[in-house]
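As given, the protein sequences belong to chains A and B, one line each in that order. The letter at position 108 of the first sequence is residue 108 when you use UniProt numbering, and the numbering goes up by one with no holes. The letter at position 22 of the second sequence is residue 22 when you use UniProt numbering, and the numbering goes up by one with no holes. Here a beta-carbon is modelled for each residue, glycine too, at the ideal position from N, C-alpha and C. Please read these numbers as outputs of a predicted model, since none were measured by experiment.
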Amino acid sequence: MNLRDDLQLIYDWIPEGSRVLDLGCGDGELLSALVTHKKCSGYGIEINTDSVIAAMARGVNVIQADLERGLEEFCDHSFDVIVLSQTIQSMQNTEMILRGLMRVADQAIVSFPNFGYWRNRLQLTLGGHMPVSERMPYHWYNTPNIHWCTLKDFDLLCAKNKIRIRERAVMAGNKRIDRFQNLLGSLAFYRVG
Amino acid sequence: MKNAGSVGIVRPEKIAFDTPLTLSNGRVLSRFDLMVETYGQLNEQKSNAVLICHALSGNHHVAGRHSAEDKYPGWWDNMVGPGKPIDTDRFFVVGLNNLGGCHGSTGPTSLNPQTGQDYGADFPVVTVKDWVKSQAMLADHFGIRQWAAVVGGSLGGMQALQWTIDFPDRVRHALVIASAPKLSTQNIAFNDVARQAILTDPDFNEGHYARRNTLPGRGLKIARMMGHITYLAEDGLGKKFGRKLHSDGYQYGYGVEFEVESYLRYQGDKFAGRFDANTYLLMTKALDYFDPAADAGNSLSKAVQHVQAKFFVASFSTDWRFSPERSKELVNALIATGKAVQYIEVKSNHGHDAFLMEDEPYIRAVAAYMNNVYKDIRS
Numbered sequence: 001m002n003l004r005d006d007l008q009l010i011y012d013w014i015p016e017g018s019r020v021l022d023l024g025c026g027d028g029e030l031l032s033a034l035v036t037h038k039k040c041s042g043y044g045i046e047i048n049t050d051s052v053i054a055a056m057a058r059g060v061n062v063i064q065a066d067l068e069r070g071l072e073e074f075c076d077h078s079f080d081v082i083v084l085s086q087t088i089q090s091m092q093n094t095e096m097i098l099r100g101l102m103r104v105a106d107q108a109i110v111s112f113p114n115f116g117y118w119r120n121r122l123q124l125t126l127g128g129h130m131p132v133s134e135r136m137p138y139h140w141y142n143t144p145n146i147h148w149c150t151l152k153d154f155d156l157l158c159a160k161n162k163i164r165i166r167e168r169a170v171m172a173g174n175k176r177i178d179r180f181q182n183l184l185g186s187l188a189f190y191r192v193g
Numbered sequence: 001m002k003n004a005g006s007v008g009i010v011r012p013e014k015i016a017f018d019t020p021l022t023l024s025n026g027r028v029l030s031r032f033d034l035m036v037e038t039y040g041q042l043n044e045q046k047s048n049a050v051l052i053c054h055a056l057s058g059n060h061h062v063a064g065r066h067s068a069e070d071k072y073p074g075w076w077d078n079m080v081g082p083g084k085p086i087d088t089d090r091f092f093v094v095g096l097n098n099l100g101g102c103h104g105s106t107g108p109t110s111l112n113p114q115t116g117q118d119y120g121a122d123f124p125v126v127t128v129k130d131w132v133k134s135q136a137m138l139a140d141h142f143g144i145r146q147w148a149a150v151v152g153g154s155l156g157g158m159q160a161l162q163w164t165i166d167f168p169d170r171v172r173h174a175l176v177i178a179s180a181p182k183l184s185t186q187n188i189a190f191n192d193v194a195r196q197a198i199l200t201d202p203d204f205n206e207g208h209y210a211r212r213n214t215l216p217g218r219g220l221k222i223a224r225m226m227g228h229i230t231y232l233a234e235d236g237l238g239k240k241f242g243r244k245l246h247s248d249g250y251q252y253g254y255g256v257e258f259e260v261e262s263y264l265r266y267q268g269d270k271f272a273g274r275f276d277a278n279t280y281l282l283m284t285k286a287l288d289y290f291d292p293a294a295d296a297g298n299s300l301s302k303a304v305q306h307v308q309a310k311f312f313v314a315s316f317s318t319d320w321r322f323s324p325e326r327s328k329e330l331v332n333a334l335i336a337t338g339k340a341v342q343y344i345e346v347k348s349n350h351g352h353d354a355f356l357m358e359d360e361p362y363i364r365a366v367a368a369y370m371n372n373v374y375k376d377i378r379s
């Protein structure tokens with residue numbers, strides 16, 4: 001099994017046999033690995049047609065839908081874990097979706113590019129332009145990402161909504177970062193709920 | 001799919017059933033025939049059979065041609081054939097004309113063995129459940145215990161869904177395309193307008209038009225014209241015809257002036273020439289009655305809770321008669337009960353008829369799904 005580095009971290013956090021809802025599941029790589037190797041069951045939600053068909057070919061339960069329309073159709077606590085992998089920063093209604101996650105599942109794993117990463121800070125303060133980096137490969141005018149945040153910002157949003165942070169991890173490149181996470185990490189992972 | 005081939009020249013076969021069939025309304029057909037076409041080879045384990053259920057005006061002629069001179073192939077020739085998404089090199093594909101149909105299966109135009117006359121209006125209204133029952137008898141005829149897949153669009157998708165509910169262990173995969181778990185009020189309303197056009201045609205003669213040598217062609221034509229409009233989307237229709245005129249300038253009369261009028265009248269006439277009015281009536285009734293949730297306390301989740309099949313559900317963005325929201329109802333019920341389901345909402349400007357067309361992501365998605373069905377039956 002050869003998962004993308006960031007997906008491997010999420011994979012490791014998900015207990016065997018969990019019922020998983022993977023929001024923005026892309027081509028279903030994570031879900032497929034969870035079903036095959038961890039006896040999980042679940043569904044992926046994806047909006048992009050090519051990704052949906054790729055996930056179909058993998059044989060995972062993929063549903064084409066727009067997350068912006070919310071999680072209303074899912075019952076309370078109908079899943080063990082919800083995954084929101086590098087999607088939250090591109091959503092209109094970030095706070096609503098975060099609350100939705102907490103209603104539908106017992107815990108959620110959220111990952112997002114860290115705007116507080118030192119290279120991003122450098123580009124803005126010294127370069128005087130919006131950052132373009134490994135986890136944020138877009139320019140300001142063509143980015144799908146509309147809600148940038150740092151680790152600190154996400155901590156505050158969780159606190160405001162009384163969401164407990166169970167675990168936090170940070171990566172730069174394909175390495176885990178343990179110190180000065182908000183400064184040295186380009187990608188953040190939270191296990192909340 | 002450009003390199004994919006055709007199943008070639010095909011020949012329909014009439015299969016007789018002498019076991020009585022009790023219908024939903026209590027009436028019994030002592031015997032009946034089903035007109036069937038098959039493509040590909042049934043494997044030794046009889047595990048590679050795919051049933052294609054037809055929609056409102058469909059029949060058994062799914063793919064290929066009946067003769068070299070045949071102008072048009074079967075109604076789903078783009079989907080079924082060697083190398084096509086429903087690959088006849090892999091699957092044994094069965095198409096049939098439903099009970100009550102007018103293309104060879106027992107229906108209003110057949111002889112009633114009890115009277116020696118044609119059934120006409122006396123042919124009982126059949127339901128989706130009845131069709132599924134008769135199709136199970138057809139499966140038995142071929143020695144097929146379990147279908148690799150039951151596939152259908154629109155009314156055909158309803159049959160696929162009903163199959164998974166009535167015979168959970170006899171369907172491995174269900175493909176429900178441009179369909180709905182029950183008709184909307186608006187759909188029932190449209191169906192009644194179509195029926196009224198037929199029922200009020202002076203040549204209808206209470207359904208016994210054949211005995212009186214009349215044909216309610218006008219009613220059937222109007223019903224089809226109205227239906228045809230609702231199966232298309234303004235996107236596609238507008239692009240195709242716009243306000244183009246058939247001749248120069250307005251005639252200030254009621255003849256054919258706009259291209260779209262000419263097109264619809266042609267379609268209506270063509271249909272009225274090949275379809276039976278009583279069949280049209282009873283097929284639209286079968287649509288109206290379909291509501292598996294009604295048998296389960298109005299809960300679709302309850303209706304599908306014993307389903308074992310895996311599902312592929314597809315809808316089309318401009319289909320306003322069977323809108324994506326209707327397909328989502330089924331998808332949500334399947335998710336709520338933890339069933340396996342894949343769902344795609346295809347962007348298309350073909351409206352409801354898109355399920356018969358070749359929108360690229362749609363064809364690719366069905367191919368991907370059927371490829372997994374094939375892997376599944378070989379594992």
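Put simply, the backbone Cα of G143(B) is about 7 Å away from that of K46(B). The contact set of E345(B) on chain A, defined by CB atoms closer than 8 Å, consists of Q64 and A65 in chain order. Here the alpha carbon of R224(B) sits roughly 5 Å from the alpha carbon of G268(B). Think of a sphere of 8 Å around the beta carbon of V36(B): no beta carbon from chain A falls inside it, the nearest being about 30 Å out.
Excluding five sequence positions before and after V256(B), the CB atoms of its chain that fall closer than 6 Å to its own CB belong to H246 and S262, given in chain order.
In this chain, the alpha helix (DSSP H) harbouring C158(A) covers L151 to K160. Within the model, the alpha-carbon separation for K339(B) versus D319(B) is close to 25 Å.
R19(A) is positioned such that its CB atom lies closer than 8 Å to that of S41(A). Taken atom to atom, the span from the alpha-carbon of F92(B) to that of W75(B) is near 17 Å. The alpha helix (DSSP H) runs lying completely inside the region 206 to 248 of chain B and spanning 4 residues or more are 217 to 231 and 234 to 241, given in chain order. Taking a 10 Å sphere around the C-beta of V83(A), we find 16 or more other C-beta atoms and assign the residue as buried.
By alpha-carbon distance to S327(B), the top candidate from V373(B), F204(B) and V313(B) is V313(B).
DSSP places T284(B) in the uninterrupted alpha helix (DSSP H) bounded by A277 to Y289. With 16 or more other Cβ atoms inside 10 Å of its own Cβ, N182(A) counts as buried. For R364(B), the uninterrupted alpha helix (DSSP H) segment begins and ends at E360 to R378. Only residues of its own chain outside the window of five on either side were considered, and among them L56 have a CB closer than 6 Å to the CB of M283(B), listed in chain order.
Considering only S24(B), S134(B) and A121(B), the residue with the shortest C-alpha distance to A16(B) is S134(B). Each of V126(B), F241(B) and T106(B) was checked against the Cα of A286(B), and the nearest Cα belongs to V126(B).
D203(B) has its alpha-carbon roughly 29 Å from the corresponding atom of T185(B). Per DSSP, Y190(A) is one residue of the beta strand (DSSP E) stretching across L187 to V192.
Taking 8 Å as the cut-off, the Cβ atoms of G116(B) and G107(B) do not count as close.
By the Cβ criterion, the region 188 to 195 of chain B is not in contact with the region 234 to 249 of chain B, since fewer than three pairs of Cβ atoms, one from each stretch, lie closer than 8 Å.
Using a Cβ-Cβ cut-off of 7 Å, N372(B) is close to G59 of chain A, given in chain order. Within chain B, no residue has its beta carbon less than 7 Å from that of I165(A); the closest one is some 28 Å off. For N332(B), the C-beta contacts it makes with chain A under 8 Å involve E73, in order along the chain. Note on H129(A): under 16 other CB atoms within 10 angstroms of its CB, so exposed under the neighbour-count rule. Short of 8 Å from the beta carbon of A172(A), and not among the five residues preceding or following it, lie these beta carbons of its own chain, in chain order: Y117, L184, G185, S186 and L187. Contact note: Y43(A) reaches chain B through I335, using a C-beta cutoff of 7 Å and chain order.
DSSP places D203(B) in the coil class of the three-state scheme, outside both helix and strand. Just measuring C-alpha positions, the residue of A309(B), D276(B), P324(B) and A354(B) sitting nearest A121(B) is D276(B). Proximity of chain B to T87(A) at the Cβ level (cut-off 8 Å) is not reached, the minimal Cβ distance being about 18 Å.
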